[in-house]
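Trainee: Dropping a structure here in structure tokens format, bear with me for questions.
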Amino acid sequence: MSPSVKTPEAKTKKPEDSFFKRLIRQQLFIPIAALLLLVVFNLIADPSFFTISLKENSLGNPVLSGNIISVLDNASELVILAIGMTLVTAASGGQDISVGATMAIAGSVILRMVCGGQITSDTMQMNLFLAVLIGAVVAMLFGAFNGALVAYFKIQPMVATLIMFTAGRSIAAWINNNQLPIINDIAFKYAGTFLPGIPVPTPIFITVLVIFIFWLAMKRTNLGLYTQSVGINANSSRLNGLDPKLIKLMTYVILGACVAVAGFIRVSRSGSINYSRIAENIEMDAILAVALGGNALSGGKFNIYGSILGAYVIQFLTTTLYKYNVPSTALPAYKAVVVIALVVLSSPVVREKMSGLKKRPAKTAKEVS
Amino acid sequence: MQEGSVLELRGICKYFPGVRALQDVDFTLREGEIHALMGENGAGKSTLIKVLTGVYSKDGGEVRIRGIDGPAVIRSPQDAQNAGISTVYQEITLCGNLTVAENMYIGRTKGALTNWKKMNRDAGKILESLSIPASPTQQLGTCSIAVQQMVAIARAVDMECKVLILDEPTSSLDEQEVQKLFGLMRDLKKKGVGIIFVTHFLDQVYEVCDRITVLRDGQLVGEYVIEDLPRVQLVSKMLGKELDDMADIKGDSTAKVDMTETPVLEAKGLCSNAGIKPFDFSVRKGEVNGFTGLLGSGRSECVRAIFGADRVTGGAVKVEGKDVKIRKPLDAMKRGIGYLPEDRKGDGIVGDLSVRENIILALQVMKGFFRPFSRAKAEAFADEYIKLLEIKTASSDTPIKSLSGGNQQKVILARWLLTDPKYLILDEPTRGIDIGTKIEIQKLVLKLAAEGKSVTFISSEIDEMLRTCSRLIVMRDRKAVGELTGEDLTQTKIMATIAGGEAK
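First to last, the sequence lines map onto chains A and B.
Read left to right, the first sequence gives residues 3 to 371 (the numbering used here).
Read left to right, the second sequence gives residues 4 to 507 (the numbering used here).
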């Protein structure tokens, strides 16, 4: 039998991907599309949503007010948490569900410091910066506790952080002997409200600062490479000289720092604390923000800006729903519907289908021409 | 369909972003034949298999299967299974945390209830009939890679299949296990099963196959009856050029090693928690040596101890005459040691990261957390090595996991070459990659030695070791049992030492 040799056809050029297809593949496609959708919805339903006006606040200072400002302001804690949560997710392939409870702890510590252990105080008993620093150290220690359980004892992140999720609010109450301290010093509230003479809410500045710090950290350190590498393949990372356990622990400590900042903003808004209600369910929104940003909750590659956008989308949605007088008890149900839609849309399966759908008509168009 | 064929592929095309993976490929499998699918890395063998098994959807062409009228539609591995196509992949695709029996029956039980007793009993019977040393209730992850591979084959064999695809099944098996597998393949062949055999081992092709189909760069080169295609021609068809004489690889470079000089690395009584007996080892400037022995004899564990990959429990190490402590890989890296691990997928690549990030990883870690390379610098490094090692990738931004095995291995090599090591440990660098790349890697090893670097080379193929190494340490039962140099470096002598002369 003679060998049958088939001569290969002339090389044909591979089909170029359409613009739409490339767009769909972008990780930031879903959060940006969701944000645009919300903007368009509000533009059509009631363009006054976007008006920003200068109003006098209770202190008689002129400040900016409007829905957009409120979205940016109220999203602050969530954005900051989402950044830390993204790193934890990337490196350890799991999430920290204790961030809300740890925020209560951080807030409680800060209040105890500035109140000097009293129930009410009209002036700060301690330098605010020092108090926040102590709060941050405490939150980072709790982060290290979570991180150690995950990294060194190999407990699943959700189980490990369930401990602090359960105990955190009690610890927060215990720090202040179960009292509800109130600080009336106006300077304490600068961080949560407005700085004198500046019409933009301070949390927006703090958030921008935190984002900037992370932008710098991603640029000037190997934080991104190390956490992703460890999250994708811990064995390989170790054989390349990394210490996967230490890096996992580090991400939890960084999240602890984020929690402290978020906790500070939250107590600074009112000057007091309600241990069982403060930052309730915020851990779920933070995890959702990571997922909405197109990041795999199983860890590995991440895009921190996706999570940030995701956090703003969630707040935008909440504010929109409030605007249309959805009662706060019904809010979670509405949110859930939108979230299901977004999460399903951002799943790889649907994306594949979407780019596939667009491919066929493009092909026939080419044939016609 | 033609008379006697069980499977026909016609004009199969498959595109990936930036790559034409398959271009108008035909393939015919007849009843009761073992058909080798040959080609270099990236030639499209694995892609063709994945199209056939429904892992990838094809962009053109048709598949016909005996017993199914008209073109067969295979959209998922489940469809393929139902159409009578069973597959054993190159990489283990079973679940390590399930038991052996569960792995064999996963996705195949009917109804909601499982009769665990029956399942374990049935699995036990099959394992026994194939003499696979595993218990049905054992967790699969605790078995050796070879046994896991055999379980995967047992799973495929047990399914009533018309077509059995074996994608590099032998790359992690030793000679005895390979023979067992071949026995199995011949049995199945007698029963009329068509077997597609993908391998890089030419010997094995000529031992069991009836026909060969050769692919190159995603295109069909041709289909040949095995008697009509001598080895040299097969290789040249795969490469698309005449092959350098492989025997010529070994130069005189190894002769230059000065054994009186201080060793680059010297270990005394080194042992680790991986259960090897304490061993002595040294390597000199410009020397290529190697560990040889059967699978599981402890050769990998030895080099892992040197690199600090396993926890070192005893012994003293000197690097260039100075006492050093190597507790973790970073210690070794800082002393100028590089290590290409045996398990490319599990220990080597960082799958989702780009080729560029994978190349710079080790050097970046050595440089430190606060001193990242600029994007331009990283790209320059990546481009340099992509060019130097002829890595086939769409760009340096491509995730390494989408590259073929041999090209992934080259990326890992590039990673270590970039750190400019004094001493490079290569554990099975040629496993599961095509012959062209194998030769390239062997040449590279000798070139590195000629440049004054030291290399430890481990390979299951004794030929390769003989071509590259000037000194071999023979391992048996996790113990160094002999050292061969000079005239003792022959296949027979090595075999005898591995088998153990004193045993008789």
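Beta carbons are placed, not taken as given, at the ideal position from N, Cα and C, and that holds for glycine.
Is the CB of B:Ala365 under 8 Å away from at least one CB in chain A?
Mentor: Stepping through the second sequence from its first residue, residue 365 of chain B is reached at position 362. Yes, its Cβ sits closer than 8 Å to a Cβ of chain A.
Trainee: Got a sec, what are the start and stop residues for the beta strand (DSSP E) A:Pro64 sits in?
Mentor: For the purposes of this step, residue 64 of chain A is taken as the residue at position 62 of the first sequence. First-last of the beta strand (DSSP E) with A:Pro64: 64 to 67.
Trainee: Compute the distance between the beta-carbons of B:Ala385 and B:Ile362, then report whether it is under 8 Å.
Mentor: Residue numbering aside, residue 385 of chain B sits at position 382 when the second sequence is read from its first letter. Residue numbering aside, residue 362 of chain B sits at position 359 when the second sequence is read from its first letter. Against a cut-off of 8 Å, the Cβ pair of B:Ile362 and B:Ala385 comes out as a contact.
Trainee: Using the Cβ count rule (16 or more neighbours within 10 Å means buried), how would you classify A:Ala93?
Mentor: Working through the first sequence from its first residue, we reach residue 93 of chain A at position 91. Buried is the call here.
Trainee: Contact between the region 298 to 313 of chain B and the region 276 to 286 of chain B is defined here as three or more beta-carbon pairs at a separation below 8 Å; is this criterion met?
Mentor: The answer is yes - the region 276 to 286 of chain B touches the region 298 to 313 of chain B, with three or more Cβ pairs under 8 Å.
Trainee: Find the nearest neighbour of B:Ile68 within the set B:Ser60, B:Val58, B:Asp82, judged by alpha-carbon distance.
Mentor: Reading the second sequence from its first residue, position 65 is the one you call residue 68 of chain B. With distances taken between Cα atoms, B:Ile68 lies closest to B:Asp82.
Trainee: When you check each C-beta in the region 285 to 316 of chain A against every C-beta of chain B, which residues fall closer than 8 Å?
Mentor: Correct list: Gly302, Lys303.
Trainee: Does the structure place the region 453 to 466 of chain B close enough to the region 370 to 378 of chain B that three or more beta carbon pairs sit under 8 Å?
Mentor: No, the region 370 to 378 of chain B does not touch the region 453 to 466 of chain B.
Trainee: Under 8 Å, do A:Val269 and A:Gly119 count as touching if we go by C-beta distance?
Mentor: Translated into positions along the first sequence, residue 269 of chain A becomes position 267. Translated into positions along the first sequence, residue 119 of chain A becomes position 117. No, the pair does not count as a contact, with Cβ atoms beyond the cut-off.
Trainee: DSSP puts A:Thr87 in a beta bridge; with which residues?
Mentor: Within the first sequence, residue 87 of chain A is the residue found at index 85, counting from 1. One point to set straight first is that residue 87 of chain A is Met, not Thr, in the sequence displayed. Partner(s): none; A:Met87 has no beta bridge.
Trainee: Can you list, in chain order, the residues of its chain with a C-beta nearer than 6 Å to that of B:Gly64? Leave out the 5 residues immediately preceding and following it.
Mentor: Taking the first residue of the second sequence as position 1, residue 64 of chain B is located at position 61. Closer than 6 Å at the Cβ level, and outside the excluded window around B:Gly64, lie Arg13, Gly14, Ile15, Cys16.
Trainee: Could you tell me which residues DSSP pairs with B:Glu360 in its beta bridges?
Mentor: By one-based count along the second sequence, residue 360 of chain B stands at place 357. B:Glu360 pairs with nothing; no bridge assigned.
Trainee: Going along chain A in order, which residues have a C-beta closer than 7 Å to the C-beta of B:Leu333?
Mentor: Reading the second sequence from its first residue, position 330 is the one you call residue 333 of chain B. Within 7 Å Cβ-Cβ: Gly243.
Trainee: List the residues of chain B that A:Ser239 touches, going by C-beta distances under 9 Å, in chain order.
Mentor: Position 237 of the first sequence, counted from the start, is the residue given in the question as residue 239 of chain A. Ordered by position in chain B, the residues that pass the 9 Å Cβ test against A:Ser239 are Val353, Leu364, Val368.
Trainee: In the DSSP assignment, find the beta strand (DSSP E) that holds A:Ser110 and state where it starts and stops.
Mentor: Locating residue 110 of chain A in the first sequence gives position 108, counting from the first residue. No beta strand (DSSP E) holds A:Ser110; the alpha helix (DSSP H) holding it covers 101 to 117.
Trainee: Measure the Cβ-Cβ separation of B:Pro233 and B:Gly341 and say whether it is below 8 Å.
Mentor: Along the second sequence, one-based indexing puts residue 233 of chain B at 230. Along the second sequence, one-based indexing puts residue 341 of chain B at 338. Against a cut-off of 8 Å, the Cβ pair of B:Gly341 and B:Pro233 comes out as no contact.
Trainee: Are the beta-carbon atoms belonging to A:Leu241 and B:Asp466 less than 8 Å from one another?
Mentor: The residue given as residue 241 of chain A occupies position 239 in the first sequence. The residue given as residue 466 of chain B occupies position 463 in the second sequence. Contact flag unset, no.
Trainee: Judging by CA-CA distance, which residue of A:Arg271, A:Lys303, A:Asn69, A:Ile46 is the nearest neighbour of A:Leu319?
Mentor: Here residue 319 of chain A is taken as the residue at index 317 of the first sequence, counted from 1. Of the candidates A:Arg271, A:Lys303, A:Asn69, A:Ile46, the one whose C-alpha sits nearest the C-alpha of A:Leu319 is A:Asn69.
Trainee: Leaving aside the five residues before and after A:Pro205 along the sequence, list all residues of the same chain whose C-beta is less than 7 Å from its C-beta, in chain order.
Mentor: Against the first sequence, residue 205 of chain A aligns to sequence position 203. The residues are Asp75, Ser78, Gly194, Ile267.
Trainee: Looking at the unbroken alpha helix (DSSP H) that takes in B:Lys1, where does it start and where does it end?
Mentor: This structure does not reach residue 1 of chain B, given that chain B is present from 4 up to 507, and the question cannot be answered.
Trainee: For B:Asp437, which three-state DSSP category applies?
Mentor: As a position in the second sequence, residue 437 of chain B is number 434, starting the count at 1. Of the three classes helix, strand and coil, the one that applies to B:Asp437 here is coil, per DSSP.
Trainee: At what residues does the alpha helix (DSSP H) containing B:Gly409 begin and finish?
Mentor: Here the question's residue 409 of chain B lines up with position 406 in the second sequence. Run containing B:Gly409: 408 to 421, per the alpha helix (DSSP H) assignment.
Trainee: Which same chain residues end up closer than 7 Å to A:Ile188 when comparing Cβ atoms and leaving out the 5 residues on each side of it in sequence?
Mentor: If you number the first sequence from 1, residue 188 of chain A lands on position 186. Correct list: empty, nothing qualifies.
Trainee: If we ignore side chains and look at the alpha-carbon of each, how far apart do B:Gly254 and B:Leu469 end up?
Mentor: Numbered from its first residue, the second sequence carries residue 254 of chain B at position 251. Numbered from its first residue, the second sequence carries residue 469 of chain B at position 466. Interpretation of B:Gly254 is limited by its pLDDT of 49, a score under 50 that renders its predicted location unreliable; the figure taken from the coordinates is listed afterwards. Rounded to whole angstroms, B:Gly254 to B:Leu469 spans 12 Å at the Cα level.
Trainee: For a contact defined as C-beta to C-beta under 8 Å, what are the partners of A:Ile234 on chain B?
Mentor: As a first step, residue 234 of chain A is located in the first sequence; it is residue number 232 there, counting from the start. Result: Val353, Gly354, Asp355, Leu356.
Trainee: Can you find a C-beta in chain A that's less than 8 Å from the C-beta of B:Ala312?
Mentor: On the second sequence, position 309 is the one that residue 312 of chain B refers to. For B:Ala312, the answer is yes, since a Cβ of chain A falls inside 8 Å of its Cβ.
Trainee: Indicate the three-state DSSP secondary structure (helix, strand or coil) for B:Met153 in the structure shown.
Mentor: As a first step, residue 153 of chain B must be located in the second sequence, where it is residue number 150. If DSSP states are grouped into helix, strand and coil, B:Met153 belongs with the helices.
Trainee: For B:Asp350, which residues in chain A fall below 9 Å Cβ to Cβ?
Mentor: For this step, residue 350 of chain B is matched to residue 347 along the second sequence. Those within 9 Å of B:Asp350 in chain A are Asn235, Asn237, Ser238, Arg240, Leu241.
Trainee: Going by the CB atoms, is the gap between A:Gly312 and A:Gly301 shorter than 8 Å?
Mentor: Taking the first residue of the first sequence as position 1, residue 301 of chain A is located at position 299. Taking the first residue of the first sequence as position 1, residue 312 of chain A is located at position 310. No, Cβ-Cβ distance for A:Gly301 and A:Gly312 is not below 8 Å.
Trainee: Taking the Cβ atom as the reference point for each residue, do B:Val448 and B:Thr396 lie within a distance shorter than 8 Å?
Mentor: Counted from its first residue, the second sequence places residue 448 of chain B at position 445. Counted from its first residue, the second sequence places residue 396 of chain B at position 393. The answer is no: Cβ separation not under 8 Å.
Trainee: Would you give the residue range spanned by the alpha helix (DSSP H) that A:Cys260 belongs to?
Mentor: To locate residue 260 of chain A, count along the first sequence from 1; it is residue 258. Unbroken alpha helix (DSSP H) run through A:Cys260: 246 to 272.
Trainee: State yes or no: is the beta carbon of A:Asn276 nearer than 8 Å to at least one beta carbon in chain B?
Mentor: Along the first sequence, read from residue 1 onward, the residue named residue 276 of chain A stands at position 274. No - not a single Cβ of chain B is within 8 Å of the one on A:Asn276.
Trainee: So, is B:Tyr108 buried or exposed, given that buried needs 16 or more other C-beta atoms within 10 angstroms?
Mentor: Start at 1 with the first residue of the second sequence, and residue 108 of chain B comes out as number 105. Result: buried.
Trainee: Suppose you measure from the CA of B:Asp177 to the CA of B:Ala149; what does that come to, to the nearest Å?
Mentor: Counting from 1 along the second sequence, the entry for residue 177 of chain B is found at position 174. Counting from 1 along the second sequence, the entry for residue 149 of chain B is found at position 146. Distance between the alpha carbons of B:Asp177 and B:Ala149 is about 8 Å.
Trainee: Hey, is A:Gln230's beta-carbon within less than 8 Å of any beta-carbon in chain B?
Mentor: The residue given as residue 230 of chain A occupies position 228 in the first sequence. Answer yes: the Cβ-Cβ gap between A:Gln230 and chain B drops below 8 Å somewhere.
Trainee: Do we get a CB-CB distance below 8 Å when we pair B:Glu3 with the residues of chain A?
Mentor: Residue 3 of chain B falls outside the range modelled here, since chain B spans only 4 to 507, and no answer is possible.
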